[in-house]
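So for the sequence shown, this note's numbering puts the first residue at 446; every next one is plus one.
Here the structure comes first, spelled out in structure tokens, and everything after it is commentary.
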Amino acid sequence: MSDGMPVILIPQHSTVLLNLLRLCYPVSDPTWSNLEDIRATLQAAIKYDMTEAAELVKVLLRMHIPTAPLRVYAIACHQNLEDVARAAAEEVRRQECQSSFVPELEDIMAGQYNRLLQFCELNEFGDPTESFCYGNGPDVISRK
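Right under this line is the structure:
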């Protein structure tokens, strides 16, 4: 309690909450200074089950695919956004940047990164229903 008002502690930075709330209220949209702000706001929107806000931030995340495909791939896998992960994987393969390191790779499972490497190496995905985020068994991508 603070001055008789209940206080709720939340782990997100004030910038993230401001961005999230600006998406929910009839005020001007937030200005996004970097991909980290987008990642953190998306994570909070998903955590608090704010579907519409998450969809809006997902659009912003997709806009970074041409300039940061590996970062977007890792963020998408971490948040289980299969459609964004697939689009980012295609751009990673096109740019041949799968061997680069980005800090967001620390947040995903080895299997998710391995599926990306196999996708880039084989230049195809064995079955369009296979998932970058979840996988379909030990050898996810078929080797034709």
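Cβ coordinates follow ideal geometry from the N, Cα and C atoms, glycine included.
Q | Status (buried if at least 16 other CB within 10 Å, exposed otherwise) for residue 555 | A | The residue in question, residue 555, is exposed, as its Cβ has fewer than 16 Cβ neighbours within 10 Å.
Q) Which value, in whole angstroms, describes the spacing of the CA atoms of residue 536 and residue 496? A) Near 26 Å, if we compare the C-alpha coordinates of residue 496 and residue 536.
Q) Among the residues of its own chain, which have a CB less than 7 Å from the CB of residue 577, if the five just before and after it don't count? A) Excluding residues within five positions, the ones whose Cβ falls inside 7 Å are 522, 527, 530, 531, 534, 557, 560 and 561.
Q) Sorted by chain position, which residues of the same chain lie with C-beta nearer than 8 Å to residue 493's C-beta, five sequence neighbours on each side aside? A) So the list reads 465, once near-sequence residues are dropped.
Q. CB-CB under 6 Å to residue 485, same chain, minus the five flanking residues each way: which ones, in chain order?
A. Result list for residue 485: 461, in chain order.
**Q.** Under the three-state DSSP convention, the category residue 447 falls into
**A.** DSSP places residue 447 within a strand segment (E or B) once states are collapsed to three.
(Q) Quick check for students: name the residue ranges of the alpha helix (DSSP H) that lie wholly in the stretch 461-505, counting only runs of 4 or more. (A) Secondary structure in the stretch 461-505: the alpha helix (DSSP H) runs of 4 residues or longer, each lying completely within the stretch, are 480-492 in chain order.
Q: State the start and end residues of the unbroken alpha helix (DSSP H) segment that holds residue 517.
A: Unbroken alpha helix (DSSP H) run through residue 517: 514-523.
Q.
Helix, strand or coil for residue 456? Go by DSSP, reduced to three states.
A. The three-state reading of DSSP puts residue 456 in coil, since its state is none of H, G, I, E or B.
Q. Is the beta carbon of residue 515 less than 8 Å from the beta carbon of residue 542?
A. The answer is yes: Cβ separation under 8 Å.
Q: Rounded to whole angstroms, what's the CA-CA distance from residue 524 to residue 548? Just pull it up for me.
A: Between the alpha carbons of residue 524 and residue 548 lies a gap of roughly 15 Å.
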